[in-house]
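A quick write-up on the structure given underneath.
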Amino acid sequence: MKEKLELILNNATQEINNSQSVQELDDVKLKYLSRKGELNSIKKNLKDLSDEEKRVVGSLANSVSNKLEELISIKNNQLYKKELNRKLEEERIDITLPADYRPHGKVHPLTQTINEITEIFQGLGFSIMPQEDSPEVETEYINFDMLNFPPNHPARDMQDTFYTKTAPNVILRSQTSGAQIRQMLHQAPPIRVISPGRVYRCESVSARKNNLFHQIEGLMVDKDITFADLKGILNEFVRIYFGSARPTRFRASYFPFTEPSAEVDVQCIMCSGKGCRTCSGTGWLEVLGAGMVHANVLRNVGIDTETYSGFAFGMGVERLTMLKYAINDIRLFFNNDMRFLNQF
Ligand code: DAH
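Per our numbering, the sequence shown starts with residue 257, numbered consecutively.
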């Protein structure tokens, strides 16, 4: 048995030394040291020996097994390092190679305009209403009723509204003016706020009209607010947005939620006289709607009309962007064509 143990030691040592991988080494370990391995089968036969032999062979078997464990552990360390180095070498990254080209995104021109306009109004003391306070899926109640559009009044047809089948009277908002109502229900005067966002109208799409577009609504309610305040604020806005002291014109108009109402024109910014394509030769460009908040609207939200008055205005973001950059087709904003978008 002694010889057998020595043979095992020799063979195993050789096989350990010859192992080329951790996997091979594991197989050797299994072959000699596992429960069903060669050493164990010898230990199992010890019972047939005399006590004296048992002691001698037993202790020899133990020392062989300890020796093998040690050899395996040393070899395992070497192989592990070798394999790790090979892996590191294989997976090495050449940091001198040129990087993949990833084009940078840009802020969309409409977002740029919204940012620019909101900054102007922030400078004039207005705060920005968070988008989530004025949803795009709106009720007719907020979008029309509370804004003094009488039921079945033709004024509702001024804006071709998208109705939903989700629930009666739930619509896609046709204007941001509902934000006025939401703000006044939420906060007592003094109020000085603007609310940018998307609006929807059921119209056939053309170079001038898209059925999704953006508006910025403004509202100021306080004691002693007059039409002069409205003119002052809007003239200042035009001056900063169009970059010079551009003449404006307030034309009497009609909106159900303001009285008096006005449409505001700016002197044509690229006028070439009678044949001008931008202003159709009129010399003026309409840029926004505005007016003094109608007493009915203030009453609807429980604001005392004896103490308070206010003005409101609304402007189209696409239109203002098109005027500023001489863009002649509203659809360009929505096509995601990089050749167009990269110009801003
Ligand atoms: N909501 C109007 C529209 O979409 C624009 C407008 C006009 C807003 C007058 C106002 C306003 O706040 O006072 O046509």
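Note that CB positions come from ideal geometry on N, CA and C, so glycine has one too.
Computed from a prediction, not measured in an experiment: that's the story for all the values here.
At a cut-off of 7 Å, is residue i close to ligand 2 when judged by its beta-carbon and the heavy atoms of the ligand?
| i | result |
| --- | --- |
| F511 | Looking at this structure, you won't find ligand 2 anywhere; what it does contain is ligand 1. |
Regarding residue i and ligand 1, is the C-beta to nearest heavy atom distance less than 7 Å?
| i | result |
| --- | --- |
| F405 | no |
| V492 | This sequence places Glu at residue 492; Val is not what is there. E492: no, Cβ never under 7 Å from ligand 1. |
| F600 | no |
| G488 | no |
| T654 | Coverage of the chain is limited to positions 257 through 600, which leaves residue 654 absent and any answer about it impossible. |
| Q431 | yes |
| Q523 | no |
| F506 | no |
| S517 | yes |
| F382 | no |
| E473 | yes |
| A484 | no |
| A568 | yes |
| A546 | yes |
State the Cα-Cα distance for the pair residue i and residue j, rounded to the nearest angstrom.
| i | j | result |
| --- | --- | --- |
| G379 | F498 | 16 Å |
| Q523 | R575 | 15 Å |
| V284 | L261 | 16 Å |
| F382 | V477 | 11 Å |
| T369 | I349 | 44 Å |
| N467 | R457 | 5 Å |
| S517 | I481 | 15 Å |
| V520 | F405 | 22 Å |
| N266 | N301 | 20 Å |
| V455 | I496 | 25 Å |
| H364 | V393 | 23 Å |
| T534 | A355 | 46 Å |
| N552 | S528 | 44 Å |
| I298 | N273 | 23 Å |
| N296 | T269 | 17 Å |
| S500 | I373 | 15 Å |
| T514 | V549 | 5 Å |
| Q599 | T563 | 49 Å |
| R587 | M571 | 18 Å |
| Q387 | H470 | 12 Å |
| P512 | G547 | 10 Å |
| G453 | P391 | 9 Å |
| V449 | Y357 | 43 Å |
| M440 | A582 | 37 Å |
Is there a Cβ from chain B that is less than 8 Å from the Cβ of residue i?
| i | result |
| --- | --- |
| R587 | No chain B appears in this structure, which consists of one protein chain only. |
- Decide if the stretch 489-509 is in contact with the stretch 588-597; the criterion is three or more beta carbon pairs, one per stretch, under 8 Å apart. no
- Query: Does the count of Cβ pairs from the stretch 423-437 and the stretch 393-402 closer than 8 Å reach three?
  - Reply: yes
- Item | Start-end ranges of the beta strand (DSSP E) lying completely within the stretch 485-537, minimum 3 residues | 504-511 and 514-523
- Message: Extract the residue ranges of the alpha helix (DSSP H) inside the stretch 341-421, only unbroken runs of 4 or more that lie entirely within it.
- Response: 365-379 and 396-399
- Given 8 Å, three or more beta-carbon pairs between the stretch 541-557 and the stretch 507-519: yes
- Message: Counting beta carbon pairs with one atom in the stretch 524-537 and one in the stretch 550-559, are three or more of them shorter than 8 Å?
- Response: no
- For the stretch 420-427 and the stretch 466-477, state whether three or more C-beta atom pairs, one from each stretch, are separated by less than 8 Å. no
- Query: Per the contact definition of three or more C-beta pairs closer than 8 Å, is the stretch 335-342 in contact with the stretch 449-463?
  - Reply: no
- Query: Is it true that the stretch 325-339 meets the stretch 278-296, where meeting means three or more beta-carbon pairs spaced less than 8 Å apart?
  - Reply: yes
- Task: For the stretch 549-573, list the beta strand (DSSP E) runs that are entirely contained and at least 3 residues long, ordered along the chain.
- Result: 564-572
- Return the chain-ordered ranges of every alpha helix (DSSP H) run that is complete within the stretch 416-455 and spans a minimum of 4 residues. 434-442
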